[in-house]
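In what follows, a single structure is set out as structure tokens and then discussed.
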Amino acid sequence: MMNGRSVQSGMSMSELAVLFLHHADDAATRNNLAALRHHNPLVPVVPVSNFGVRLPGGYDARQMTTGWRKMLPSHRRGGLLRSWGRLRKNLEPRWVWRNSDLPAYMFMLWKNRPVQARRWFIFEWDMYCNVNLADWLGPAMDSPVVATSLQYPGRNDFHYFNESEMRKVPDSLRPHVMAANPWAGMLFSEDALCAIARRVQEADWHGGFCEMRVATVARSLGYQPIANPNPLAQRTLRAVTSFKLDQIDVQSVWHKVKTHDPLTLNAHEKTPAPQCS
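So the sequence shown is numbered by the numbering used here: it starts at 2 and just counts up by one.
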């Protein structure tokens, strides 16, 4: 038994798995997914649509809404019947972007979850990977919650530490407010991600911003996030603007890569792997 869920009979437990979160099926999304799988052939990669178009072999958050409907804007605006009507269509892009963490929580608590793993890496559609994730994560694999950068109110100038956003934080969570920036590229233990998912579900934090919500809830549960010890994470995961493929010069995990190049895989197979410290 793990996290209140029994491991399904005959299902093996992976050391590491990846949640590939996306909202569309386009060339950039497919290329980034292919690159991730190419460099990590033994790691289960699970595509989950954030209320968008489902990829072949992937899953849609619409399949997982049991227990979550009160957090969906369609339900709050028009009751259950109208909720189902709106869920058949894509939700507002801004809502999906702000709540990009919700499909991960829905998946972890989904009774039909097809993959069990000891650790989960969050991969969004505009991330590019040309490295073995276990090697790249290195010592971070031993920590329950890992982020690229950690930010705190009063210490860091994070846009979402504003009065409007703080009013949305449930009272019980306000002493723990912090942010993990970005949400893309976070690493969780199975226990931590399931516990965070349950707490988000219980707290009913409507209209929150993903990077503030995940770190705040983790901290409130005693899962104090740590910063990724790989120095490449700061350079390749925290870009202010998008990377072009010709800027990818080392083996790492990159965010944001929104273009498609069919030669990318071959071009970077021979790139020497950096040393992780």
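For each residue, glycine too, the CB sits at the ideal point set by N, CA and C.
All values reported here derive from a predicted model rather than from experimental measurement.
May I have the straight-line CA-CA distance separating Leu81 from Asn163, to the nearest angstrom?
Any reading at Leu81 must be qualified, since the residue scores a pLDDT of 46, below 50, and its modelled position is unreliable; no value is offered.
Could you round the C-beta distance between Ile1 and Leu22 to whole angstroms and report it? I think they count as a contact, below 8 Å.
Residue 1 lies beyond the stretch modelled for the chain, which goes from 2 to 278, so this question has no answer here.
Three-state secondary structure (DSSP) at Ala18?
Reduced to three states, the DSSP call for Ala18 is strand.
Residue span of the alpha helix (DSSP H) that contains Tyr106, given as start and end:
For Tyr106, the uninterrupted alpha helix (DSSP H) run begins and ends at 103-110, by DSSP.
Just checking my contact of Met128 with Leu103 at CB under 8 Å: how many whole Å lie between their CB atoms?
Actually they do not touch by this definition, with Cβ atoms about 18 Å apart.
Would you list the one or two residues that DSSP bridges to Met128?
BP columns for Met128 point to His256.
CA-to-CA distance, Val241 to Glu125, given in whole angstroms:
Straight-line measurement puts the Cα of Val241 at about 16 Å from the Cα of Glu125.
Can you tell which of Ala234, Phe244, Cys211, Phe108 has the C-alpha that lies nearest to the C-alpha of Trp184?
Checked all of Ala234, Phe244, Cys211, Phe108; the closest Cα to Trp184 is Cys211.
Could you give the uninterrupted runs of the beta strand (DSSP E) lying entirely in the segment 136-184, keeping only those of 3 residues or more?
Annotation: the segment 136-184 contains the following complete segments of the beta strand (DSSP E) (minimum length 3 residues), in chain order: 146-148.
Pull up the CB-CB distance for Ala18 and Val49, whole angstroms please, since I reckon it's below 8 Å.
The pair is not a contact, with the Cβ atoms about 12 Å apart (cut-off 8 Å).
Pull up the distance between the alpha-carbon of Thr66 and that of Gln117, whole angstroms please.
If I take the Cα positions, the gap works out to 20 Å.
Which of helix, strand or coil DSSP assigns to Ser190:
In the three-state scheme derived from DSSP, where H, G and I count as helix and E and B as strand, Ser190 is classed as strand.
Quick one: what does DSSP say Ala228 is sitting in, helix, strand or coil?
DSSP, read as helix, strand or coil, puts Ala228 in strand.
Identify whether Pro115 lies in helix, strand or coil by the three-state DSSP scheme.
DSSP, read as helix, strand or coil, puts Pro115 in coil.
Quickly, what does DSSP pair Val241 with across the bridge? List them, please.
Val241 pairs with nothing; no bridge assigned.
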